[in-house]
Amino acid sequence: MEGNIQEALRYIEGFPRAKIATVAREFGVPRGPLSYRLEGRTTLSDRPPTHAKLTAPNEKALCRYIDRLHRINLAMRAEFVTDAANTILEERCGPEEALTVGRKWTVRFFKRHEVNIYFQRLSTILIEEGIPLEDIWNMDEIGFRIGIGKDQFIVTKRKRAHYFGIPENRESATAIESISAGGRVIPAFLILSAQMHMAKYLEWLELFNNWPAQGSLGKRRLLIVDDHGSHHTKQSIQYCDDHDIIPFGMPPNLTHILQPLNVMVFQPLKHYHAKALGIMVRDTLVHIGKLEFLSCIGHVRDQAFKESTMRSAFKKTVICPFNPQAVLEILAARQPGSTPSPPSTALQSSPFGTPVTLRQMNKVADKVARVIQEDEILDPDLRCEMSRFIRGSLIGYGADTNEDRLRDEENGRAPCTTT
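Following the numbering used here, the numbering of the sequence shown begins with 14 at its first residue and continues without gaps.
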């Protein structure tokens, strides 16, 4: 969309009298953002973050400090990074403000820069190897519970509930799937239970390399994988080197943001699988086993692996078109802003917590009364009402205590001492 907005802006520069609404329709962009850009506003990606404690120059200085420690072979632990960030804040804001980074700031700092390094290396490989769009692939595994679907709504006129009993077969199956940024998909590769995953991954690599319909346009292909152990064994890396396949790993714990299959494709795949199980149950199928699973998985994949969905997956993970700033903004938005400490007042909490004895109540009452009298801004009528409330509370508590003591004496028990 940004490219269309830029073209619309250039058109308006050449034809200043053109109507904004007409130009917006012509270039397929919303009228509001186009009007804002004409007013001189910038995009969200161009604006500096307002919730970040360290500015961009501050973070660059911190990165240079970390690099320097690495060069002189000094270990850089997380607490050292936190101390360095707090030192930068103190030098920038002064000791009187006493700003510090949050408890999870360092973890998010490493994650944010890890994502940045990931995109830098990905861009370098794509440029150096000259890999076209159609030769960028992503592979991952997805597990299925063969006979278990999910709850569904049933629309009926009658008020009583209708239930369909699903025969639960808890056998599992694993599918290795791979899609390209050009909107293509490798045929299904299924691993049923009780089979070794490591060996099967090597077999899948052979399928990926020999699939005739793949139609590689360049000399080498890029295969984006997660950090599963089977993806970086010596045998798999050697096979990739021998067949011009470049395996490219993602940062751990970020596949829900960076991996196209996880972001856009696997959820529809699970949905259509559960829907297929529901249809089988309505057809009075008693047992759903491996044969039934294999008979329906082809149609399930046809519904899930649409060309538009696969292209959108690479677009949403900012690989095609390449726009890593969008992911960095998502990570920055998930970082909560700092909550300022409440201003200190003269009235501090009681050292006893909630007062439960007469002595504790008298101590708290004296402190509250002192604050009321010293506060010059407080309304006089409110001051008087608060004083009456305190006196009434003390009198009421004393009366209750005396009644309890008399009751204990009448019952022949030793009265409780109130301190």
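Yeah, the Cβ is synthetic: ideal placement off N, Cα and C, and Gly gets one too.
Determine the closest residue to residue i out of the options, with distance taken between C-alpha atoms.
{"i": "aspartate 254", "options": "Arg233, Gly405 and Gly156", "result": "Arg233"}
{"i": "tyrosine 285", "options": "Met293, Gln316, Pro260 and Pro265", "result": "Gln316"}
{"i": "asparagine 151", "options": "Leu290, Ala212 and Asn275", "result": "Asn275"}
{"i": "proline 334", "options": "Thr246, Lys117, Ile149 and Ala21", "result": "Ile149"}
{"i": "isoleucine 189", "options": "Gly195, Gly156, Gly196 and Pro29", "result": "Gly156"}
{"i": "tryptophan 217", "options": "Asn266, Gly231 and Ala201", "result": "Ala201"}
{"i": "glycine 195", "options": "Ser185, Met293, Ser406 and Glu147", "result": "Glu147"}
{"i": "glutamate 320", "options": "Ser193, Lys380 and Ala339", "result": "Ser193"}
{"i": "methionine 323", "options": "Val198, Phe132, Ala289 and Gly405", "result": "Val198"}
{"i": "glutamine 494", "options": "Val42, Ala31, Ile332 and Arg30", "result": "No information on residue 494 is available, as it lies outside the stretch 14 to 432 that the chain covers here."}
{"i": "asparagine 507", "options": "Leu135, Asp296 and Ser229", "result": "Because the chain here runs from 14 to 432, residue 507 falls outside it and cannot be looked at."}
{"i": "leucine 240", "options": "Lys247, Gln251, Ser249 and Met263", "result": "Residue 240 is actually aspartate in this sequence, not leucine. If we check each option's Cα against that of aspartate 240, Met263 comes out closest."}
{"i": "lysine 303", "options": "Leu267, Thr187, Glu72 and Tyr78", "result": "Thr187"}
{"i": "glycine 16", "options": "Ala31, Gln251, Arg50 and Pro29", "result": "Arg50"}
{"i": "isoleucine 159", "options": "Gly291, Lys380 and Glu104", "result": "Gly291"}
{"i": "threonine 370", "options": "Asp394, Ser406, Val384 and Ala339", "result": "Ser406"}
{"i": "serine 249", "options": "Asn222, Phe318 and Arg383", "result": "Asn222"}
{"i": "glycine 184", "options": "Ile301, Val120 and Gly242", "result": "Checking the sequence, you will find glutamate at residue 184 rather than glycine. The shortest Cα separation from glutamate 184 among Ile301, Val120 and Gly242 belongs to Ile301."}
{"i": "glutamate 39", "options": "Thr330, Glu52, Val94 and Tyr24", "result": "Tyr24"}
{"i": "leucine 235", "options": "Val384, Pro281 and Leu139", "result": "Leu139"}
{"i": "arginine 105", "options": "Asn71, His269 and Glu52", "result": "Asn71"}
{"i": "valine 381", "options": "Ser400, Gly107 and Pro368", "result": "Ser400"}
{"i": "leucine 220", "options": "Arg90, Ser191 and Glu398", "result": "Ser191"}
{"i": "threonine 268", "options": "Tyr252, Pro281 and Ile237", "result": "Ile237"}
{"i": "lysine 283", "options": "Asn266, Arg314, Asp296 and Arg30", "result": "Arg314"}
{"i": "histidine 126", "options": "Met293, Arg372, Gln338 and Arg295", "result": "Gln338"}
Which class does residue i belong to by DSSP, given the choice of helix, strand or coil?
{"i": "glutamate 184", "result": "coil"}
{"i": "threonine 35", "result": "helix"}
{"i": "aspartate 394", "result": "helix"}
{"i": "serine 193", "result": "strand"}
{"i": "isoleucine 18", "result": "helix"}
{"i": "proline 46", "result": "helix"}
{"i": "phenylalanine 306", "result": "helix"}
{"i": "valine 331", "result": "coil"}
{"i": "leucine 235", "result": "strand"}
{"i": "glycine 115", "result": "coil"}
{"i": "threonine 352", "result": "Low confidence applies to threonine 352: its pLDDT is 48, below 50, so where it sits in the model is not reliable enough to give any reading."}
{"i": "glutamate 52", "result": "coil"}
{"i": "proline 260", "result": "strand"}
{"i": "tryptophan 224", "result": "coil"}
{"i": "asparagine 336", "result": "coil"}
{"i": "aspartate 153", "result": "strand"}
{"i": "leucine 205", "result": "strand"}
{"i": "arginine 30", "result": "coil"}
{"i": "arginine 90", "result": "coil"}
{"i": "threonine 358", "result": "With a pLDDT of 45 at threonine 358, under the threshold of 50, the predicted position of this residue should be treated as unreliable, and no value is reported."}
{"i": "isoleucine 25", "result": "helix"}
Buried or exposed, going by whether 16 or more other CB atoms sit within 10 Å of the CB of residue i?
{"i": "histidine 244", "result": "buried"}
{"i": "alanine 69", "result": "exposed"}
{"i": "glutamine 272", "result": "buried"}
{"i": "valine 36", "result": "buried"}
{"i": "alanine 212", "result": "exposed"}
{"i": "threonine 117", "result": "A small correction: the amino acid at residue 117 is lysine; threonine does not occupy that position in the sequence shown. It counts as exposed."}
{"i": "phenylalanine 279", "result": "buried"}
{"i": "glutamate 154", "result": "buried"}
{"i": "valine 340", "result": "buried"}
{"i": "phenylalanine 327", "result": "buried"}
{"i": "threonine 330", "result": "buried"}
{"i": "isoleucine 130", "result": "exposed"}
{"i": "phenylalanine 437", "result": "An answer regarding residue 437 cannot be provided, because it is not within the stretch 14 to 432 covered by the chain."}
{"i": "leucine 230", "result": "exposed"}
{"i": "leucine 215", "result": "exposed"}
{"i": "valine 120", "result": "exposed"}
If residue i sits next to residue j, beta carbons under 8 Å apart, how far is it from one beta carbon to the other, in whole angstroms?
{"i": "leucine 82", "j": "alanine 98", "result": "Not confirmed; about 14 Å, so no contact."}
{"i": "leucine 47", "j": "isoleucine 33", "result": "6 Å"}
{"i": "isoleucine 403", "j": "alanine 378", "result": "5 Å"}
{"i": "valine 114", "j": "lysine 66", "result": "6 Å"}
{"i": "histidine 312", "j": "alanine 287", "result": "With 8 Å as the limit, histidine 312 and alanine 287 do not qualify as a contact, their Cβ atoms being about 13 Å apart."}
{"i": "leucine 395", "j": "lysine 124", "result": "So it is not a contact: roughly 51 Å between Cβ atoms."}
With a threshold of 6 Å (Cβ to nearest heavy atom), would residue i be considered close to the ligand GTP?
{"i": "lysine 66", "result": "Ligands in the displayed structure: none, and consequently the ligand GTP is not present."}
> Would you call the segment 300-312 and the segment 196-205 touching, i.e. three or more CB-CB distances under 8 Å?
Replying inline: yes
> Is the segment 129-148 touching the segment 259-268, taking contact as three or more C-beta pairs under 8 Å?
Replying inline: yes
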